[in-house]
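Below is one structure, written out as structure tokens, with a few remarks after it.
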Amino acid sequence: MLSSFAKDDLGSMPYDLPALFADIPLRLAHMQDASAFAKDLGHCFHLPAHEHSLLLRAALLHDIGYAPALHKFSFHPLDGAIFLEQHQEHPWVVEGVLRHSQAENKALTKLDLAHEYAVRPALPQAQSLVRMTTIADWRAAGVGGRVSFGQRLHDIISRNPGNVAKEKRARAMVDEVRTWFWAFLADTSHAHPLPWIFCDIDNTLIRPGDTLSARNRKAIKSYVAAGGRLTLATGKHPLSIRPLIMDLGLEVPQIAANGTCWLHKGAVQIFAHLDGKEDALQSRLEALELPVAVYRVEGIEAGRIWPQELGELFERYGEIRPVHQSLPGPALKILCVADDQDLEQEQTLRALAKSLDVDICRSDRYFLEFLPWSGNKGETARLVMDQADWPVLHSFALGDAENDATMFSLCGACAAVANGSMIAKRGADWVVDPCTQDGVAKMLELLLAQQGWAALQADLPYGPEAVHNFEPQVHKMD
Numbered sequence: 357m358l359s360s361f362a363k364d365d366l367g368s369m370p371y372d373l374p375a376l377f378a379d380i381p382l383r384l385a386h387m388q389d390a391s392a393f394a395k396d397l398g399h400c401f402h403l404p405a406h407e408h409s410l411l412l413r414a415a416l417l418h419d420i421g422y423a424p425a426l427h428k429f430s431f432h433p434l435d436g437a438i439f440l441e442q443h444q445e446h447p448w449v450v451e452g453v454l455r456h457s458q459a460e461n462k463a464l465t466k467l468d469l470a471h472e473y474a475v476r477p478a479l480p481q482a483q484s485l486v487r488m489t490t491i492a493d494w495r496a497a498g499v500g501g502r503v504s505f506g507q508r509l510h511d512i513i514s515r516n517p518g519n520v521a522k523e524k525r526a527r528a529m530v531d532e533v534r535t536w537f538w539a540f541l542a543d544t545s546h547a548h549p550l551p552w553i554f555c556d557i558d559n560t561l562i563r564p565g566d567t568l569s570a571r572n573r574k575a576i577k578s579y580v581a582a583g584g585r586l587t588l589a590t591g592k593h594p595l596s597i598r599p600l601i602m603d604l605g606l607e608v609p610q611i612a613a614n615g616t617c618w619l620h621k622g623a624v625q626i627f628a629h630l631d632g633k634e635d636a637l638q639s640r641l642e643a644l645e646l647p648v649a650v651y652r653v654e655g656i657e658a659g660r661i662w663p664q665e666l667g668e669l670f671e672r673y674g675e676i677r678p679v680h681q682s683l684p685g686p687a688l689k690i691l692c693v694a695d696d697q698d699l700e701q702e703q704t705l706r707a708l709a710k711s712l713d714v715d716i717c718r719s720d721r722y723f724l725e726f727l728p729w730s731g732n733k734g735e736t737a738r739l740v741m742d743q744a745d746w747p748v749l750h751s752f753a754l755g756d757a758e759n760d761a762t763m764f765s766l767c768g769a770c771a772a773v774a775n776g777s778m779i780a781k782r783g784a785d786w787v788v789d790p791c792t793q794d795g796v797a798k799m800l801e802l803l804l805a806q807q808g809w810a811a812l813q814a815d816l817p818y819g820p821e822a823v824h825n826f827e828p829q830v831h832k833m834d
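Under my numbering, the first residue of the sequence shown carries the number 357, and numbering increases by one thereafter.
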């Protein structure tokens, strides 16, 4: 890890960072989110406070060379490092900026850049900081926002359509940085080698209409018995998941209603609700002749348009039946029945969510959910781990749909089941066997057999490159 050499106070800056990025604020947002991720890295890797400060600063400043006023060589790692040298920045922070994301490899292909790097030899003692800065860079989206490695790769590809060379470099970089990250995790999680699992239910753990398979039940119970922690993270109503929680003997908080609440020791705790926006939202949706269901703590309230067959569909999904009466309490979320194949309608509904300042995501081909901005699976998974004083990145998410994306971006690693949506599979580190073939159980068995993060060095299919021609290759534990 990093040595103890550091300044006492790295909080102030002798320049105005927002002013430098006044014309490109999204780049600054990326830098700020990289620093936020670095904060979680430092906690997870148990860095001393002064080393943590260096990492936070390097992550925040890693792209400072993009500021228009700093362009000298038109190579942002070098331009940024030169600027920081001129302001007497800590040498390790300069090193993190100069060499983040393997910048030196590209610099060596150009004579003028190669000379500048030659007169600035690498600092071996700062190698860990450079790698951690790079990890943080690759877990923050280019326009801001926290992402998984897979989400970051898709972000780059989507913003650079047709740039085959850039895509190839990005894929190679993701592979290498992901390997560094998991090696760090394996080296620093000896006290609790098994990551905290956050697992979706419908179409991930259980196919709607089926019961929990014997293999999935056994794998979960074995994982918990070995000291692992597992939280179900579902869009279901908290009342709907109580029987499954009891069956599995899960004692940690369980996330319900897409992260707007959790269920713990029989009690529901609300973290976010629609704050009065539900009436206007429901009215607008029903004006489009769409069935809606309003989730409240005491049950699910059916909207004006709610045919009997939808109640039967809810039962098949293992969800409590909506009732045709008003229920007390705040609205946690609104579920709208809308087929994702109707692209024009999808666009209309997402625009509606934006106009009412609420979040929106799909949990299924037929279910579109309207949520408070602060209520999602990722936000509540963080609260679960914070309450237990558990390092946020010492975690693993399993899911199948868009509503699992915030878990994927939060956790240290993530896997999508093969039957999942393209959004889920693009964002995942792995694509595992479908829920009908116990993909969750196989991943838990692998983590158990190799005692945690060491299992993730295995040769498994992962990320966007595994999506199009997926063949299940998860290690069989039969």
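For glycine and all other residues, C-beta sits at the position ideal for the given N, C-alpha and C.
Here the structure is a predicted model, which is why all the values come from computation and not from measurement.
Option in Leu454, Glu700 and Ser719 with minimal Cα separation from His418: Out of Leu454, Glu700 and Ser719, Leu454 has the C-alpha closest to the C-alpha of His418.
Name the DSSP bridge partner or partners of Leu691? Ala649 and Glu725
Report the option in Pro609, Glu665 and Glu460 whose CA atom is closest to the CA atom of His471. Glu460
What is the residue span of the beta strand (DSSP E) that Cys400 lies within? DSSP places Cys400 in no beta strand (DSSP E) but in the uninterrupted alpha helix (DSSP H) bounded by Pro381 to Cys400.
Gln681, buried or exposed, once every other Cβ within 10 Å from all chains shown has been counted against 16: exposed
Using the C-alpha atoms, what's the distance from Cys400 back to Arg563? 34 Å
Outcome for Lys710 when other beta-carbon atoms lying within 10 angstroms are tallied against a minimum of 16: exposed
Does the distance from the C-beta atom of Leu637 to that of Leu600 stay below 8 Å? No. Outside cutoff.
Can you find a C-beta in chain C that's less than 8 Å from the C-beta of Ile491? Reference to chain C is not applicable here, since this structure consists of a single protein chain.
Based on Cα-Cα distance, which residue from Lys574, Lys592 and Gly584 lies nearest to Asp603? Lys574
Just to confirm, is the Cβ distance from Ser430 to Ala415 under 8 Å? no
What's the gap between the Cα of Asn825 and the Cα of His443? For Asn825, the predicted model reports a pLDDT of 35, less than 50, meaning its position is unreliable and no value from the coordinates is stated.
So, for Thr560: in the same chain, excluding its five sequence neighbours on each side, which residues have a beta-carbon less than 7 Å away from its beta-carbon? Counting only Cβ-Cβ distances below 7 Å, and skipping sequence neighbours, we find Leu754, Gly755, Asp756, Val773, Cys791 and Val796.
Locate the alpha helix (DSSP H) running through Gln625, then write down its first and last residues. It is not in any alpha helix (DSSP H) - Gln625 instead sits in the beta strand (DSSP E) that spans Ala623 to Ile626.
Do Asn759 and Ser719 have their CB atoms nearer than 8 Å? Yes, the pair counts as a contact, with Cβ atoms nearer than the cut-off.
Can you have a look at Pro609 and say buried or exposed, based on whether 16 or more other CB atoms are within 10 angstroms of its CB? buried
So does the region 379-391 actually touch the region 518-526, counting three or more Cβ pairs closer than 8 Å? no
Report the rounded CA-to-CA distance for Ile553 versus Ile690, giving the unit in angstroms. 27 Å
If you draw a straight line from the C-alpha of His475 to the C-alpha of Gly583, how long is it? According to the sequence shown, residue 475 is Val rather than His. Their backbone Cα atoms lie some 51 Å apart in a straight line.
CA-to-CA distance, Ser730 to His903, given in whole angstroms: The structure shown does not extend to residue 903, since the chain is modelled only from 357 to 834, so the question has no answer here.
Does the distance between the C-beta of Ser682 and the nearest non-hydrogen atom of the ligand COA fall short of 7 Å? What this structure holds is no ligand at all, so the ligand COA is not there to describe.
Candidates Leu724, Leu712 and Leu688: closest to Asp698 by CA position: Leu724
Under the three-state DSSP convention, the category Gly632 falls into: coil
Considering only the alpha carbon of each residue, which of Val486, Ala385, Gly500 and Leu467 lies closest to Glu407? Val486
Tell me whether Gly421 sits in a helix, a strand or coil according to DSSP, three-state version. helix
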